[in-house]
Structures are given as C-alpha cells and as structure tokens.
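Engineer:
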Amino acid sequence: MSSSEDGMSTKKAKKMVDKKSTIKSGHIADKQFVMRNSVLTDLFDNDPHIRTVHHIFVAISICFGLHTMAHDYFMKNELHSGFTLIFSGFAKFHMVLRSWVELMLINCLGYAFFVIWAKTRTYYFNREFQKLWDIIWLLTYIGYLIISYKRAEFFVNTFQLPPPSACIILLEQARLSMKLHSFIRTTAVTVYNYKSYTEKNLLLPTFTQYLYFLFAPTCIFRTDYPRTGRIRWKYIFFWFIEILCVIACVSFIFHRYFISAYEDFGIRRFSWKELIVSFLEHLLPAMMVYLSGFYLLFHSFQNIFAELLRFGDRHFYGDWWNCGKFSEYFQTWNVIVHDWLYIYLYKDMYEHVVRNKSVAKLTTFLVSGIVHEWALMNMFGYFFPAIFVFFMAFVMMSIFLKIPNASLVNTLFWLSLPLGCSLLISGYTLEFFARKNTSGSDDSLKNFFLPRWLTCDCIE
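Just so you know, we're using my numbering here: the sequence shown kicks off at 1360 and counts up by one.
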C-alpha cells in the first residue's frame, strides 16, 4: 500500500493523532481514527533494508518446510505429515462456519435488544422508572454475555472441534462480545444525554453501521471511520497467499519440532535432562511460530479486511520490536485489543471506580488473562494456566519495576521472547500428549486442574 494512495503517510498521521490526543474525555484521551498504513506496509514500501529482512524471513520459512519434508521422507517414509496437521486441525471447518453464523446472529440480537431498551426508556418511562428499567436491562445484558460464552463452549465441546477450529470459535466469541460492549458503552452515552424537551428524535446508529463495525478491524465503535477511495484486489490476493503460506509454515514447525519431540510422552519415560535440552532446542522454532502468528493475525489478516471494507486506519500494531519495556510491548503488539482494554477497562476503571492507575492496570491484565485462559482451557479441554501466570508476572514487572530504555534492555527483551514462547508452546504440547497418552479419571475435578505431565509419573 503506498502512502500517496491513502493520502497520508504514517508519520503525518502520527502527528495528527498526537494533536488530537490532547482532546480529552474525562481524564484519559480517547481513541482517534485517522488515515494511516500499517507499520510494516510503510516499511516495505519505503525501506529496501526491511524488504530484505522480509525476504530473509521467507527464505528461513522455506528452509523449515524443506527440512520437515526431508526429515519425514528419509526418516519416516512420509511426505505429507506437515500438511496432515492442517487437514486434521480444520477437518470440521463446516461446523465452525455453522457455529460462527449462530454466534453472529446472537450478537446481532444484542443490537435489537439495545434499541428496545433505548427507545422504551426514552419515550415511554418517566425519570424515576428509567433507573429500574436500566437495572433490568443491565442484568439482561450480563445474562446475555454469559449465555453467548456458554454457547461458544457448547459448540466446541459438542462438535469435538480440534484446537485450531476451536480457537476460531472461541476467539470470535471474545471478539464479538468486545464489539457489542463497545457499541453499547459508546451509544449509551447518547441515550443518557438525550433531552426530549430540546431534541426531536433520539438518533441511534443504524444496523448497517453496526454490521460494518462487526467486520471492521477495530473494537472501538464509531458511526463512521476514515475510508479509502477504492479496493485494491491485487493486495488482497497477495495477503491471502501470505496467509496460506504462513499457516503451512507454522504447521511444518509444529509437526517437526514440537509434536515429534513430545508425542511419546506418557508412552515412555522422559528425563529432566531430555526435557531441558528439548526446551532449549525449541527456542528458535518457537520464535518463528510467534513471529509467523503475529504477521498472520495482525498484518495480513487485518489488512485484508481493511482493504475489503476500505477501512482507512490500519494501525493494527506498533513497532513493538523496538520496545525496551514489557509495558510498551503490550501497548503496541496488538493495538486493536489494547485500545479496547485501555478505553473500556483501564479508562473506565480509573475514571469511574478507583483513582489508582496500578489497580486499574492490574484489573485490566486480570480480565485479559482470564479471557485468554478461558479460550485455551476450552481449546484443549483442560486447565493449564501458563498464559495467566505470564500475564500476572508481566503486569507486576510493569507496575513495580522501573526499567530504563537502552539497547541492552531491548536485547534482553528479545532474549525473553523466545524463552517465553518456547516455555509456553512446549508446556502446552507436553500437557496435551500427557493427557492423550496416559489414563486418568476425566470426570475428576482434580484431574481437570492438576497438570498431568507432573502427576503421571512419566519423568525420571
């Protein structure tokens, strides 16, 4: 994407954002949407050195694929194992589509319920009864969220969806609930501020605007967004090919390095030395999975939807690779989710509940960690709170540790990423095969919560 086609470079857009961020809502600045490209898009267009880094990354991915196929062919007399993981992971994709459609319909009902609440409280009830009406619908909204989350769990468990397919449903449920909350939280202000004696009609967002928001690559509701002039189909085709290639690359890496290393856990006994060496061997593959996942989800995938919808603000992530602090990393790695957490959890918590930024930050990380753990727990069918522990560890460091920005700190940041990724991926894979290969009372609550890889006596 060229800067001229969008009418504004990222640098200029950043200046506009900085200027607009002085407009305050309460005490903390609100989200401002402007025309701008993704960070990597501008870098690829304007910096030949970054393009070369991209080419190197592609070459490394091809090497991983060639290594996987050569290993399977010469060592196992197979040539399809890397793709087998893709086929098995998305084997029930038709059930994923069916479940997704129902979740979308449930979410659209949320719009209808909101309109009913807004118009009845405005036109049919006096001020005294409005408070009772608000409480009734607030409880209805909470119940609605619980039902929608339980419905997503029902789809995953009833259809016995494999982890990749289950991940789509669970993350979509989280995304749609964030969208609905943003719409209600933003539009409810208009409803509360409506004055029947000075305004003729209560103007609510149309269903078309809400439907556009459901597919737009943002979780912050506005009635209109900056829009590009046209859809460029060649970019969509390019990003689509990238998505297919990245999925294949991640599948090859998982099959060759993680699955092959731990698939016998529970069938034979492992030593602690073997596990430690295996963990260290997986540092670079884990880092490749992490970088590939980031590129897939936050660059290629989001840009496809932005291009299809002519969505102009494509700041889906920042230059997190230059971070020297984990607090900066969480702010820039996933801007879409961070904006939602910042405005609807951190900002609301700080301005309306408690005037303590540390408490607001801790609450934000706690809710985010719980949702991540909910998704992983239902994906794999067991409780293994590694992500939650990492979230709490990072928030404690960001609150209590004052780390100076320096090149050494950035080096330590990049060292911690492969260590953390390898520990998480290895841990979840180890637990997966421990539960698959060893017997246990599946109905036991203790069995659900305790990590099987530590209790199955499979380590000598």
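Don't be surprised by glycine CBs; every beta carbon is placed ideally from N, CA and C. Note that this is a predicted model, so its numbers are computed, not measured.
Please name the residue, chosen from L1778, V1455, N1552, that lies closest to E1512 on a Cα-to-Cα basis.
Structural biologist: Residue numbering aside, residue 1512 sits at position 153 when the sequence shown is read from its first letter. The shortest C-alpha separation from E1512 is found at V1455.
Engineer: List, from N- to C-terminal side, the alpha helix (DSSP H) runs of 4 residues or more that fit wholly inside the stretch 1434 to 1481.
Structural biologist: As far as the stretch 1434 to 1481 is concerned, its whole alpha helix (DSSP H) runs of at least 4 residues are 1440 to 1448.
Engineer: Need the endpoints of the alpha helix (DSSP H) that I1590 sits in, please.
Structural biologist: Within the sequence shown, numbered from 1, the residue matching residue 1590 stands at position 231. First-last for I1590: undefined, no H or E at that position.
Engineer: Can you look up D1672 in the DSSP assignment and give me helix, strand or coil?
Structural biologist: As a first step, residue 1672 is located in the sequence shown; it is residue number 313 there, counting from the start. Looking at D1672 - three-state DSSP - the assignment turns out to be strand.
Engineer: Along the chain, where does the alpha helix (DSSP H) that runs through E1622 open and close?
Structural biologist: Walking along the sequence shown from the start, residue 1622 turns up at place 263. Neither: E1622 is in no alpha helix (DSSP H) and is coded neither H nor E.
Engineer: Assign G1385 to one of two classes, buried (16 or more other C-beta atoms within 10 Å of its C-beta) or exposed (fewer than that).
Structural biologist: Locating residue 1385 in the sequence shown gives position 26, where the first residue counts as 1. The predicted model places G1385 with a pLDDT of 44, which falls under 50 and marks its position as unreliable, so this point remains unresolved.
Engineer: Apart from the five residues on each side of it in sequence, which residues of its chain come closer than 7 Å, Cβ to Cβ, to M1631?
Structural biologist: The residue given as residue 1631 occupies position 272 in the sequence shown. A small fix is needed here, since residue 1631 is Trp in this sequence, not Met. Counting only Cβ-Cβ distances below 7 Å, and skipping sequence neighbours, we find I1818.
Engineer: Could you pull out every residue in the same chain whose Cβ sits closer than 7 Å to the Cβ of V1574, ignoring the five residues on either side in sequence?
Structural biologist: Start at 1 with the first residue of the sequence shown, and residue 1574 comes out as number 215. One detail in the question is off: residue 1574 reads as Phe in this sequence, not Val. Excluding sequence neighbours, F1574 sits near F1664, L1668.
Engineer: Using three-state DSSP, classify F1574 as helix, strand or coil.
Structural biologist: Locating residue 1574 in the sequence shown gives position 215, counting from the first residue. Looking at F1574 - three-state DSSP - the assignment turns out to be helix.
Engineer: Return the chain-ordered list of same chain residues with a C-beta closer than 7 Å to the C-beta of M1434, the five sequence neighbours on each side being excluded.
Structural biologist: Within the sequence shown, numbered from 1, the residue matching residue 1434 stands at position 75. Nothing meets the Cβ criterion.
Engineer: Which first and last residues belong to the alpha helix (DSSP H) in which Q1391 is found?
Structural biologist: Within the sequence shown, residue 1391 is the residue found at index 32, counting from 1. Taken as a continuous stretch (DSSP letters only), Q1391 belongs to no alpha helix (DSSP H), as it is neither H nor E.
Engineer: So, for A1533: in the same chain, excluding its five sequence neighbours on each side, which residues have a beta-carbon less than 7 Å away from its beta-carbon?
Structural biologist: The count along the sequence shown starts at 1 and reaches residue 1533 at position 174. For A1533, where only same-chain residues beyond five positions count, the Cβ hits under 7 Å are V1730, A1734.
Engineer: For R1627, does the three-state DSSP call read helix, strand or coil?
Structural biologist: Mapped onto the sequence shown, residue 1627 falls at position 268. Here R1627 sits in strand by DSSP.
Engineer: Can you give the Cα-Cα distance for I1600 and T1481, rounded to whole angstroms?
Structural biologist: Within the sequence shown, the letter at position 241 stands for residue 1600. Within the sequence shown, the letter at position 122 stands for residue 1481. Distance between the alpha carbons of I1600 and T1481 is about 50 Å.
Engineer: Roughly how many whole angstroms lie between the Cα atoms of D1365 and F1403?
Structural biologist: Taking the first residue of the sequence shown as position 1, residue 1365 is located at position 6. Taking the first residue of the sequence shown as position 1, residue 1403 is located at position 44. Only weak support is given to the placement of D1365: the predicted model assigns it a pLDDT of 44, under 50, and the question is left unresolved by the model.
Engineer: Just to check, is the beta-carbon of L1402 closer than 7 Å to a non-hydrogen atom of the ligand COA?
Structural biologist: Summarising the ligand content, the structure contains no ligands, and the ligand COA is consequently not present.
Engineer: Below 8 Å on the Cβ atoms is my guess for H1674 versus R1395; work out the distance and round it to an integer in Å.
Structural biologist: On the sequence shown, position 315 is the one that residue 1674 refers to. On the sequence shown, position 36 is the one that residue 1395 refers to. Indeed they touch by this definition, with Cβ atoms about 6 Å apart.
Engineer: I need the boundaries of the alpha helix (DSSP H) containing K1490, first residue and last residue.
Structural biologist: The residue labelled residue 1490 in the question sits at position 131 within the sequence shown. K1490 -> alpha helix (DSSP H) spans 1486 to 1517.
Engineer: Comparing alpha-carbon positions, which option in T1723, E1666, H1453 lies nearest W1598?
Structural biologist: For the purposes of this step, residue 1598 is taken as residue 239 along the sequence shown, with counting starting at 1. Checked all of T1723, E1666, H1453; the closest Cα to W1598 is E1666.
Engineer: Is there a Cβ of chain C sitting closer than 8 Å to that of I1612, yes or no?
Structural biologist: The displayed structure is made up of one protein chain only, and chain C is not part of it.
Engineer: With a cut-off of 8 Å on the beta carbons, I'd call A1719 and V1726 a contact; round off their distance for me.
Structural biologist: Your numbering for residue 1719 matches position 360 in the sequence shown. Your numbering for residue 1726 matches position 367 in the sequence shown. Not quite, the Cβ-Cβ distance comes to about 11 Å (not below 8 Å), so this is no contact.
Engineer: Reducing DSSP to helix, strand and coil, say where I1602 ends up.
Structural biologist: One-based indexing of the sequence shown puts residue 1602 at position 243. DSSP places I1602 in helix when its eight states are reduced to three.
Engineer: Quick one, are the C-beta atoms of F1442 and S1610 less than 8 Å apart?
Structural biologist: For the purposes of this step, residue 1442 is taken as residue 83 along the sequence shown, with counting starting at 1. For the purposes of this step, residue 1610 is taken as residue 251 along the sequence shown, with counting starting at 1. Yes; because the gap between Cβ atoms is below 8 Å, this pair is in contact.
Engineer: Are S1524 and G1448 closer than 8 Å when you measure CB to CB?
Structural biologist: Against the sequence shown, residue 1524 aligns to sequence position 165. Against the sequence shown, residue 1448 aligns to sequence position 89. Taking 8 Å as the Cβ cut-off, S1524 and G1448 qualify as a contacting pair.
Engineer: Measuring straight from C-alpha to C-alpha, what distance separates I1528 and P1522?
Structural biologist: What you label residue 1528 is simply residue 169 of the sequence shown in a count that begins at 1. What you label residue 1522 is simply residue 163 of the sequence shown in a count that begins at 1. Using only the alpha carbons, I get a separation of about 10 Å.
Engineer: When the Cα atoms are used, what is the spatial distance from S1686 to I1419?
Structural biologist: The sequence position of residue 1686 within the sequence shown is 327, counting from 1. The sequence position of residue 1419 within the sequence shown is 60, counting from 1. So the alpha carbons of these two residues sit roughly 30 Å apart.
Engineer: Assess, as a yes-or-no matter, whether the stretch 1606 to 1624 is touched by the stretch 1739 to 1755 under the definition of 3 or more beta carbon pairs within less than 8 Å.
Structural biologist: The stretch 1739 to 1755, when compared against the stretch 1606 to 1624, does not touch it at the 8 Å Cβ threshold.
Engineer: In the DSSP output, which residue or residues are listed as bridge partners for I1818?
Structural biologist: In the sequence shown, residue 1818 corresponds to position 459, counting from 1. In DSSP, I1818 forms a bridge with F1629.
Engineer: Given G1779, which residues of its chain have a CB within under 7 Å of its CB, disregarding the five upstream and five downstream residues?
Structural biologist: Here residue 1779 is taken as the residue at index 420 of the sequence shown, counted from 1. These residues qualify, in order along the chain: F1749.
Engineer: Using the beta-carbon count (16 or more within 10 Å), is H1453 buried or exposed?
Structural biologist: Translated into the one-based positions of the sequence shown, residue 1453 becomes position 94. Answer is exposed; the Cβ neighbour count stays below 16.
Engineer: Check the C-beta distance from F1392 over to D1672 and give it rounded, since I have them as a contact under 8 Å.
Structural biologist: One-based indexing of the sequence shown puts residue 1392 at position 33. One-based indexing of the sequence shown puts residue 1672 at position 313. The pair is a contact, with the Cβ atoms about 4 Å apart (cut-off 8 Å).
Engineer: Straight-line CA distance for S1798 to V1412?
Structural biologist: In the sequence shown, counting from the first residue as 1, residue 1798 sits at position 439. In the sequence shown, counting from the first residue as 1, residue 1412 sits at position 53. Roughly 47 Å separates the two Cα atoms.
Engineer: Can you tell me where the alpha helix (DSSP H) with F1689 in it begins and where it stops?
Structural biologist: Taking the first residue of the sequence shown as position 1, residue 1689 is located at position 330. Note, F1689: alpha helix (DSSP H), 1685 to 1691.
Engineer: Spatial neighbours of P1585 within its chain, please: CB distance less than 7 Å, with the 5 preceding and 5 following residues excluded, ordered by chain position.
Structural biologist: Taking the first residue of the sequence shown as 1, we reach residue 1585 at position 226. Only F1392, V1393, M1394, G1671, D1672 meet the Cβ criterion.
Engineer: Please report the straight-line C-alpha distance between G1683 and P1777, rounded to a whole angstrom.
Structural biologist: Reading the sequence shown from its first residue, position 324 is the one you call residue 1683. Reading the sequence shown from its first residue, position 418 is the one you call residue 1777. Cα-Cα distance, rounded: 15 Å.
Engineer: Short of 6 Å in beta carbon distance, which residues of its chain neighbour L1876, apart from the five on each side in sequence? Order them along the chain.
Structural biologist: The shown model of the chain, from 1360 to 1819, leaves out residue 1876, and the question about it has no answer.
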